[in-house]
Amino acid sequence: MEKLEHLLEEHGVKITPNRLLIAKALQEAGRPLSMMELESLIETIDKSNVFRTLLVFKDAHLVHALEDTGDGVRYELCHSHHDGRDDDIHVHFYCTHCHRTFCLEDTPIPPVSVPDGYVQETASYLIKGICPDCQ
Numbered sequence: 109m110e111k112l113e114h115l116l117e118e119h120g121v122k123i124t125p126n127r128l129l130i131a132k133a134l135q136e137a138g139r140p141l142s143m144m145e146l147e148s149l150i151e152t153i154d155k156s157n158v159f160r161t162l163l164v165f166k167d168a169h170l171v172h173a174l175e176d177t178g179d180g181v182r183y184e185l186c187h188s189h190h191d192g193r194d195d196d197i198h199v200h201f202y203c204t205h206c207h208r209t210f211c212l213e214d215t216p217i218p219p220v221s222v223p224d225g226y227v228q229e230t231a232s233y234l235i236k237g238i239c240p241d242c243q
């Protein structure tokens with residue numbers, strides 16, 4: 109819990125019991141979770157508080173919010189140590205069989221050049237296929 113408190117502090121997020129519970133659930137999941145999955149893991153916090161906390165985390169670059177082809181947006185704890193930018197960008201894998209999304213943390217997003225006049229702020233790279241558990 110101490111590491112999570114430190115991570116929240118590094119991102120300028122005020123520490124509250126609900127925020128710690130949500131951060132802990134994201135950390136222990138080991139993969140990106142939808143809001144519905146988070147709600148089922150943490151029955152003691154209502155939907156609106158989970159949603160508001162995720163917005164605070166996203167604004168502070170404490171979570172990645174990624175879209176997959178499953179049930180919408182999924183969230184994962186960002187281990188970046190900077191509250192102004194996301195330096196924890198990596199590839200994600202969406203299993204078309206079990207509909208789970210996995211982090212491929214050792215697979216960085218390949219660099220992409222954008223045309224003049226465009227400024228890249230973040231990137232998302234999603235690979236779709238079948239995970240090892242479903243093969």
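109 is the number of the first residue of the sequence shown in this note's numbering; add one for each residue after it. Ideal Cβ positions, reconstructed from N, Cα and C, are used throughout, including at glycine.
| Query | Result |
| --- | --- |
| What does DSSP give as the partner residues of V181 in its beta bridges? | E175 |
| Quick one: give me the first and last residue of the alpha helix (DSSP H) that L170 is part of. | Element bounds for L170: n/a, residue is neither H nor E. |
| Based on Cα-Cα distance, which residue from V199, P216 and D167 lies nearest to L234? | V199 |
| Taking 8 Å as the cut-off, does the stretch 116–127 touch the stretch 157–171 (at least 3 CB pairs, one atom from each stretch)? | yes |
| Can you tell me where the beta strand (DSSP E) with I235 in it begins and where it stops? | L234 to G237 |
| Could you pull out every residue in the same chain whose Cβ sits closer than 6 Å to the Cβ of K236, ignoring the five residues on either side in sequence? | Y202 and T204 |
| Rounded to the nearest angstrom, what separates S142 and A131 at their Cα positions? | 13 Å |
| According to the Cβ coordinates, are R139 and R208 closer than 8 Å? | yes |
| Going straight from the alpha carbon of T152 to that of R182, what length do you get? | 20 Å |
| To the nearest angstrom, how far is the alpha carbon of L112 from that of D241? | 29 Å |
| Considering only the alpha carbon of each residue, which of P219, E145, A231 and I123 lies closest to A133? | E145 |
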